[in-house]
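Positions 1 to 213 (the working numbering) are the ones given, in order, by the sequence shown.
A virtual CB, placed ideally from N, CA and C, is assigned to each residue, including glycine.
Since the structure comes first, as structure tokens, the remarks are kept for the end.
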Amino acid sequence: MHELTPRQQQVLAYIRTFLSENGYPPTVRELAHHLNLSGPRAAAKHLEALERKGLIRRIPGISRGLEILSRFPSPLDGPGGVPVPVVGSVAAGALDLAAEEVEDYIHLDENLAGQDHFLLRVKGNSMRGEQILPGDLALVRPQATVYDGDIVVAVVGDEATLKRFRRTRDGIALEAANPEFPAIVLTGEDAGTTRIAGRVEAVIRILKGGNAR
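In structure tokens:
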């Protein structure tokens, strides 16, 4: 398994995504612009590192002269996948503060996750009925528009929670999937200031020694 820095992971993931969407690789300038690097030379250094590690081949004299030499088919934790940040944790119980700091990166297959996705570590048991358990990683697509029945990450002020979204006549309800937890009903100003951080698209559970973490 190749050891890649987070930035090298991002460069490789972007090359894969660009190739998939356009049928040809990005230029060095496009890489630098997309990844907010200081300039083409910075992007070129990352490409040099990827070439030394045998993951790409650069073709001299061609502006789009990049070729990926190695693919990693595993959907989880494969260096050739998309590096998805694990961002803090989110309550699946009462509302609680979600720390918006990147704890780690987990590589997911590009068919499962894109550059904008993030993972939130679940705590609490309010979504047990949906088989979302403490320690699970919820894969979230950032989006403000969701539909009734979607499982979402909702933010009220500085607090976040993972619940099923419903619209009501007077506002919104954030429903648990556990009879021990009542729905969070928001009306008036509370409903108006509630922000939907994204929609949950998948849940990842990593088993170690037969026990879910």
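Same chain, Cβ closer than 7 Å to residue 175, five either side skipped, listed in chain order: For the purposes of this step, residue 175 is identified with residue 175 of the sequence shown, where counting begins at 1. These residues qualify, in order along the chain: 163, 164, 166, 183.
Residue 97 to residue 23 span [Cα, whole Å]: Translated into the one-based positions of the sequence shown, residue 97 becomes position 97. Translated into the one-based positions of the sequence shown, residue 23 becomes position 23. A caution first: residue 97 carries a pLDDT of 45, below 50, which makes its placement in the model too unreliable to give a value.
Count the other CB atoms within 10 Å of the CB of residue 147; is the residue buried (16 or more) or exposed (fewer)? Position 147 of the sequence shown holds residue 147. The residue is exposed, with fewer than 16 neighbouring Cβ atoms inside 10 Å.
Between the stretch 134–153 and the stretch 192–201, are three or more C-beta pairs nearer than 8 Å? Touching, per the Cβ criterion.
What is the DSSP secondary structure of residue 149, counted as helix, strand or coil? Counting from 1 along the sequence shown, the entry for residue 149 is found at position 149. In the structure shown, residue 149 adopts coil according to DSSP, grouped into three states.
Quick check on the burial criterion: 16 or more other C-beta atoms within 10 angstroms. Buried or exposed for residue 211? Along the sequence shown, one-based indexing puts residue 211 at 211. In this predicted model, residue 211 has a pLDDT of only 39, less than 50, meaning its place in the structure is not dependable enough to derive any value.
DSSP three-state call for residue 177: helix, strand or coil? In the sequence shown, residue 177 corresponds to position 177, counting from 1. Under the three-state reduction of DSSP output, residue 177 falls in the coil class, being neither helix nor strand.
Three-state secondary structure assigned by DSSP to residue 6: Within the sequence shown, the letter at position 6 stands for residue 6. When secondary structure is reduced to three states using DSSP, residue 6 falls in the helix class.
Which whole runs of the beta strand (DSSP E) in the stretch 36–70 are 3 residues long or more, in chain order? Runs of the beta strand (DSSP E) inside the stretch 36–70: 56–58, 66–68.
Buried versus exposed, by CB contacts within 10 Å (16 or more), residue 63: As a working mapping, residue 63 is identified with position 63 in the sequence shown. Within 10 angstroms of the beta-carbon of residue 63 lie fewer than 16 other beta-carbons, which makes it exposed.
The beta strand (DSSP E) spanning residue 112 covers which residue range? Position 112 of the sequence shown, counted from the start, is the residue given in the question as residue 112. Boundaries cannot be given for residue 112, as no beta strand (DSSP E) includes it and DSSP labels it neither H nor E.
Is residue 78 helix, strand or coil by DSSP? Counting from 1 along the sequence shown, the entry for residue 78 is found at position 78. Residue placement at residue 78 cannot be trusted, given a pLDDT of 48 that sits under 50; what the coordinates show is reported in the next sentence. In this structure, residue 78 counts as coil in the three-state DSSP scheme.
What does the Cβ neighbour count give for residue 69, buried or exposed, with the cut at 16 atoms within 10 Å? By one-based count along the sequence shown, residue 69 stands at place 69. Per the 10 Å Cβ criterion, exposed.
Report the CB separation of residue 105 from residue 134 in whole angstroms; it is logged as a contact under 8 Å. Position 105 of the sequence shown holds residue 105. Position 134 of the sequence shown holds residue 134. With a Cβ gap of about 21 Å, residue 105 and residue 134 do not count as contacting.
For the beta strand (DSSP E) holding residue 201, just list the boundary residues, first then last. Counting from one through the sequence shown, the residue named residue 201 turns up at place 201. Residue 201: member of the beta strand (DSSP E) spanning 194–204, first to last residue.
Residue burial classification, residue 131 (beta-carbon count within 10 angstroms, cutoff 16): Here residue 131 refers to the residue found at position 131 when the sequence shown is read from its first residue. Exposed, because fewer than 16 other Cβ atoms sit within 10 Å of the Cβ of residue 131.
Determine the direct distance from the alpha carbon of residue 82 to that of residue 112, and round the result to whole angstroms. Within the sequence shown, the letter at position 112 stands for residue 112. Within the sequence shown, the letter at position 82 stands for residue 82. Taking the straight line joining both Cα atoms gives about 9 Å.
CB contact flag (residue 139, residue 117, <8 Å): Along the sequence shown, one-based indexing puts residue 139 at 139. Along the sequence shown, one-based indexing puts residue 117 at 117. One thing to note: residue 139 has its Cβ within 8 Å of the Cβ of residue 117.
Quick check: what's the CA-CA separation for residue 192 versus residue 173? In the sequence shown, the residue the question calls residue 192 occupies position 192. In the sequence shown, the residue the question calls residue 173 occupies position 173. Annotation: residue 192 to residue 173 spans about 12 Å, alpha carbon to alpha carbon.
Cβ neighbours of residue 77 in the same chain (closer than 7 Å, five flanking residues each side left out): Sequence index remark: in the sequence shown, residue 77 carries index 77 (1-based). Below a pLDDT of 50, predicted positions are generally treated as unreliable, and residue 77, at 43, falls in that range; the measurement from the model is reported next regardless. If we look at residue 77 and ignore the five residues flanking it on each side, its Cβ neighbours are 106, 107.
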